[in-house]
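In what follows, a single structure is set out as C-alpha cells and then discussed.
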Amino acid sequence: MDVPPPSETAEAVTPEYAQTEDPFRALIEGIELQFPGWGAWRSDTDRWWAFRTAANPLTIEELRAGRRLIVQADTVDELRAAIRAEIELDTSDSAPVGGSSRAKSHERPR
1273 MDVPPPSETA EAVTPEYAQT EDPFRALIEG IELQFPGWGA WRSDTDRWWA
1323 FRTAANPLTI EELRAGRRLI VQADTVDELR AAIRAEIELD TSDSAPVGGS
1373 SRAKSHERPR
C-alpha cells in the first residue's frame, strides 16, 4: 500500500522571521484591549498603525468630514493619542439622528 511521504516539521517549513517571538505583541494586544473596535500593528518601517474594525464602521459622510479609518504614529503613546482623538470625535457628536447612534455634525474641532 502506498502512503504519503512523511510531512516536514513545522520548523522546516516556517520562515525564519516567523519563528521569532514578536516583541511588540503585548503592546499590540494592550492597545486592542484598551480600545475595543480598533486593531493595531507595527510596520517593518517602525511605524505604529491602528485601524477601525467592522464593529463600528464610518459612514461616507463621516469619511468626507475628515474622520479616519486608519491612524499612524511614531510611538505607541502617539498612537494611543491618535486613537483617543478619533474616539473623542465619535463621542463628542451631538444627539443621535433618526434613531442612529451617529450624530448630525462630524466636523473636527479646531
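Residue numbers for the sequence shown follow the numbering used here, beginning at 1273 and rising by one.
Just so you know, even glycine gets a beta-carbon here, dropped at the ideal spot from N, CA and C.
query                                                                                                                                                                           : result
Distance check for Trp1310 and Glu1304, CA to CA, integer angstroms please.                                                                                                     : 6 Å
With H, G and I counted as helix, E and B as strand and the rest as coil, what does DSSP make of Arg1314?                                                                       : strand
Between the C-alpha atoms of Ala1354 and Pro1295, what's the straight-line distance to the nearest angstrom?                                                                    : 22 Å
List the DSSP bridge partners of Val1343.                                                                                                                                       : Ala1322
Taking all protein chains shown into account, do 16 or more other C-beta atoms lie within 10 angstroms of the C-beta of Arg1297, making it buried, or fewer, making it exposed? : exposed
For Arg1314, which residues in the same chain have their Cβ closer than 6 Å to its Cβ, ignoring the five residues on either side in sequence?                                   : Phe1296, Trp1320
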